[in-house]
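First the structure, in the form of C-alpha cells, and then the observations on it.
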Ligand SMILES: Cc1cc2nc3c(=O)[nH]c(=O)nc-3n(C[C@H](O)[C@H](O)[C@H](O)COP(=O)(O)O)c2cc1C
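Residue numbers (my numbering): 59 to 594.
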C-alpha cells in the first residue's frame with residue numbers, strides 16, 4: 059500500500075479526497091434520514107436537499123447581481139442605487155440614450171420647465187458652495203424661541219441611532235454633514251460622541267428618552283438641559299411620536315447589545331435588555347404634547363419639533379386647532395412616509411401601517427392650512443426623497459426641507475443587503491461587529507456623504523432653475539403633473555386639492571444664516587408667520 063502511494067501520489071490523493079467526500083455524504087445522509095425531523099426536504103432528498111437552503115441563502119445576492127433588472131428592486135432599484143453611488147464617488151452620474159421609465163404609467167410625475175429658465179450664471183452662491191440651499195423658514199421663530207435656527211441645507215440626514223448604525227457609519231455621516239453644512243439627526247438612541255464631529259445636530263427623544271434619563275430611568279429635564287448646555291452642536295430637539303416603518307410599535311434593545319459605551323450614551327444599565335414602550339410616559343394627549351414641547355423649549359431655549367407618520371387624522375386636527383388657540387406647539391413637523399426605513403420592524407408594520415408620504419403629508423398640511431397655522435411650522439418630509447425629482451415634488455407639496463436616511467446609508471457604503479436587523483451588515487454600516495466595521499473607511503466615506511448631499515442639492519437646484527426659480531421651495535403644485543390614466547395628466551394641485559403656502563421668496567442672499575431673534579420674542583408667542591420669513 060505504502061509503495062503504491064509512493065509510486066502514485068496524485069492518484070492516491072484524489073482517491074483519498076473522494077473517499078472522504080463519500081464518507082461525509084454518508085454521515086450527512088444518515089443524519090438527514092434518521093436523526094433530523096424538522097426538514098422534510100432533507101429527509102426525502104438526503105444530502106442534495108441541503109442545496110435548497112444554500113441557494114435560498116444566497117438568493118438575494120444572486121437576484122441583485124444577476125437576475126433583477128435596473129428598475130426592479132425595492133426599496134431602491136439598481137438605477138437609484140447607482141445614482142447615489144456615482145454621486146457619492148464624484149463620478150459621472152448621468153444616464154445615456156434617454157429615459158428607460160414608463161412615462162405614461164399611472165402615477166408618473168413630470169416637472170414642468172419654464173420657457174425662460176432662471177439663468178444658472180446669475181444664481182447667488184452662498185459661502186462658496188454653489189449647492190448650498192438654506193431653509194427659507196427659521197425654526198422656532200414663530201414661537202419666539204430664544205435660540206431659533208435656520209438650517210443652511212434643505213437636505214439633511216434623518217434619524218438613525220448609534221446602535222442601529224455602527225460608530226464608523228455614524229461618524230462618517232456626521233463628518234459628511236459637516237462638510238456639506240447639513241444637519242444630522244441622532245435617532246432615538248441618544249446623542250453620542252460619534253455625533254459630535256462638527257455637524258449641527260437634532261437630538262431625537264423617543265419613548266425611551268435615551269440620554270435624557272435620570273437615575274430613576276425616567277425622563278429628566280435637568281439631564282436634557284445639562285446635555286444641551288454641554289453640546290452646542292445640538293440646535294433642536296425632536297420628539298419622536300412615530301416613524302413610517304413601524305408607527306405605534308415600541309422597541310427592544312437586547313441586553314447583549316447594551317455595551318458599556320451604549321449604556322453610558324443611553325443612560326441605561328450595562329447588559330440589561332432595554333424596552334422602549336410604544337407610548338410616551340410624559341404626555342398622553344395633544345395638550346400634554348404641547349406642554350412637553352413648551353417645557354423643553356422654555357428650559358433649553360431650543361426649537362422643538364415632532365416626527366410622526368400619518369394614520370388617523372383626528373390627532374392632527376386637534377393639534378392644529380390647539381396650536382392655533384394656544385399660540386404654542388412644535389416648531390417643526392417631520393412627516394415620515396409609510397415607505398420609510400428602519401433598522402428592524404415586523405413586516406406587517408413596514409408594509410401596511412401608516413400612509414405613504416404624499417398622501418399623509420397632503421392631509422396633515424391641509425389640516426394646518428385650514429387651522430391657519432401651516433406657516434408657523436417648518437415642514438420636513440421623509441420617505442425615499444433622496445433623489446432630485448422626488449425632492450422637487452416634496453417641495454411643491456409644501457415641504458420646507460427633506461430628510462434622508464437610507465440614501466445617506468447608500469452614500470456611506472450600504473449595498474442594500476437588508477440585514478440591518480441581524481447585526482451582520484456585510485459592509486460595516488448597520489453593525490457593531492469590529493471586523494465588519496473595519497472595512498468602512500471614515501475619511502473616504504465622509505467625503506462621499508458630503509458629495510452625495512451636495513450633488514442632490516445641486517441637481518435639485520438645477521431643476522428649480524429649469525422651472526424658472528432660484529430655490530426649490532418655490533416649486534408650486536401646478537409645476538408638477540402626474541399621469542392619472544391613459545393619456546391623462548393632472549396637476550398636483552388638482553389631485554391633492556391644495557396649493558402650498560407662498561413664502562414670498564426674495565433672493566437667496568436674504569436667507570444666509572439665522573437672524574437675531576427679536577428682543578422680546580420669548581415673551582410674545584406668535585401665531586402668525588411673520589417671524590418666519592424676512593420679507594413677510
Ligand atoms: C437603520 C435605520 C435606523 C432608523 N432609526 C430611526 C430612529 O432612531 N428614529 C426615527 O425616528 N427614525 C429612524 N429611522 C427612519 C428614518 O429616520 C427615516 O425617517 C426613514 O427611513 C425615511 O427616510 P428614507 O426613506 O430616506 O430612508 C431609521 C431608519 C433606518 C434605515
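C-beta: ideal position from N, C-alpha, C; glycine also.
The model shown is predicted, which means the values in this text are computed figures rather than measured ones.
Assuming residue 252 contacts residue 228 (C-beta within less than 8 Å), just tell me the rounded distance between them. Rounded, the Cβ-Cβ distance is 4 Å, consistent with contact.
How many angstroms separate the CA atom of residue 70 from the CA atom of residue 399? Whole-angstrom Cα-Cα distance: 56 Å.
Cβ atoms of residue 550 and residue 450: under 8 Å apart, would you say? Taking 8 Å as the Cβ cut-off, residue 450 and residue 550 do not qualify as a contacting pair.
How long is the line joining the alpha carbons of residue 60 and residue 67, rounded to whole angstroms? Rounded to whole angstroms, residue 60 to residue 67 spans 10 Å at the Cα level.
Rounded to whole angstroms, what's the CA-CA distance from residue 74 to residue 65? Just pull it up for me. One Cα belongs to residue 74, the other to residue 65, and the distance between them is close to 15 Å.
Taking all protein chains shown into account, decide if residue 489 is buried (16 or more other Cβ within 10 angstroms of its Cβ) or exposed. Flag for residue 489 reads buried.
Residue span of the beta strand (DSSP E) that contains residue 394, given as start and end: Looking at the DSSP string, the run of the beta strand (DSSP E) that includes residue 394 is 390-394.
Report the residue from 517, 414, 188 whose alpha carbon sits nearest the alpha carbon of residue 142. For the residues 517, 414, 188, the minimum Cα distance to residue 142 belongs to 517.
Enclosing beta strand (DSSP E) for residue 219 [first to last residue]: Counting along the chain, residue 219 falls outside any beta strand (DSSP E), and DSSP gives it neither H nor E.
Assess contact between the stretch 494-506 and the stretch 169-186, defined as three or more Cβ pairs (one per stretch) separated by less than 8 Å. Is contact present? Judged by Cβ distances under 8 Å, the stretch 494-506 makes no contact with the stretch 169-186, as fewer than three pairs qualify.
Please report the Cβ distance between residue 265 and residue 336, rounded to the nearest whole angstrom; I am assuming they are in contact, meaning their Cβ atoms lie under 8 Å. Yes, residue 265 and residue 336 are in contact; Cβ-Cβ is about 7 Å, under 8 Å.
Which ranges would you report for the alpha helix (DSSP H) in the stretch 249-289 if only whole runs of at least 4 residues count? Whole alpha helix (DSSP H) segments, 4+ residues: 279-288.
Any non-hydrogen atom of ligand 1 closer than 7 Å to residue 170 Cβ: The closest heavy atom of ligand 1 lies 7 Å or more from the beta carbon of residue 170.
Threshold first: 4 residues or longer. Then list the alpha helix (DSSP H) segments lying entirely within the stretch 416-471, N to C. Whole alpha helix (DSSP H) segments, 4+ residues: 446-455, 464-469.
Rounded Cβ spacing between residue 357 and residue 283 (contact assumed at less than 8 Å): Cβ-Cβ separation between residue 357 and residue 283: approximately 5 Å, consistent with a contact (criterion under 8 Å).
For the stretch 315-325 and the stretch 243-250, state whether three or more C-beta atom pairs, one from each stretch, are separated by less than 8 Å. The answer is yes - the stretch 243-250 touches the stretch 315-325, with three or more Cβ pairs under 8 Å.
Outcome for residue 596 when other beta-carbon atoms lying within 10 angstroms are tallied against a minimum of 16: In this structure the chain extends from 59 to 594, so residue 596 is not present and cannot be described.
List the DSSP bridge partners of residue 539. Answer by DSSP bridge pairing, in chain order: 168, 549.
Short Cβ contact (8 Å threshold) for residue 348 with residue 379: No; because the gap between Cβ atoms is not below 8 Å, this pair is not in contact.
Using a Cβ-Cβ cutoff of less than 8 Å, which residues in the same chain neighbour residue 428 once the five nearest sequence positions on both sides are dropped? Annotation for residue 428: 378 place their beta carbon closer than 8 Å to its own, counting only its chain and skipping 5 residues before and after.
If distances are taken between C-alpha atoms only, which option among 539, 558, 485, 364 comes closest to residue 433? Selected option, being the one with the closest Cα: 558.
Pick out the complete beta strand (DSSP E) segments inside the stretch 183-230, 3 residues or longer, and give them in chain order. List check, beta strand (DSSP E) in window: 213-215.
In terms of residues, what are the limits of the beta strand (DSSP E) holding residue 241? In the DSSP annotation of this structure, the continuous segment of the beta strand (DSSP E) that includes residue 241 starts and ends at 241-243.
Using alpha carbons as the reference points, say which of 479, 291, 388, 472 lies closest to residue 405. Proximity to residue 405 across 479, 291, 388, 472 peaks at 479, based on C-alpha coordinates.
Can you give me the C-alpha to C-alpha distance between residue 209 and residue 477, rounded to a whole angstrom? Between residue 209 and residue 477, the C-alpha separation is close to 33 Å.
Please determine if the stretch 483-497 and the stretch 143-152 are in contact, where contact requires at least 3 C-beta pairs separated by less than 8 Å. Output reads no: the stretch 143-152 does not touch the stretch 483-497.
Quick check: is any heavy atom of ligand 1 less than 7 Å from the C-beta of residue 464? Taking 7 Å as the cut-off, one finds at least one heavy atom of ligand 1 near enough to the beta carbon of residue 464.
Over the uninterrupted alpha helix (DSSP H) stretch that includes residue 147, give me the two end residues. First-last of the alpha helix (DSSP H) with residue 147: 136-147.
Proximity test, residue 193 beta-carbon vs ligand 1 heavy atom, cut-off 7 Å: Because no heavy atom of ligand 1 lies under 7 Å away, the Cβ of residue 193 does not count as near it: no.
Own chain residues within Cβ distance below 8 Å of residue 94, not counting five before or after: Excluding positions up to five away in sequence, the list reads 100, 101.
Helix, strand or coil at residue 557 [DSSP, three-state]: For residue 557, the three-state secondary structure derived from DSSP is coil.
I want to check one thing, is the minimum distance from the CB of residue 370 to the heavy atoms of ligand 1 below 7 Å? False, no ligand heavy atom lies under 7 Å from that Cβ.
Three or more beta-carbon pairs under 8 Å between the stretch 297-315 and the stretch 361-368, yes or no? Result yes; three or more Cβ-Cβ pairs closer than 8 Å.
Based on Cα-Cα distance, which residue from 128, 256, 145 lies nearest to residue 137? When 128, 256, 145 are compared, the shortest CA-CA separation from residue 137 is found for 128.
Between which two residues does the alpha helix (DSSP H) harbouring residue 292 extend? Not the alpha helix (DSSP H): residue 292 falls in the beta strand (DSSP E), residues 292-298.
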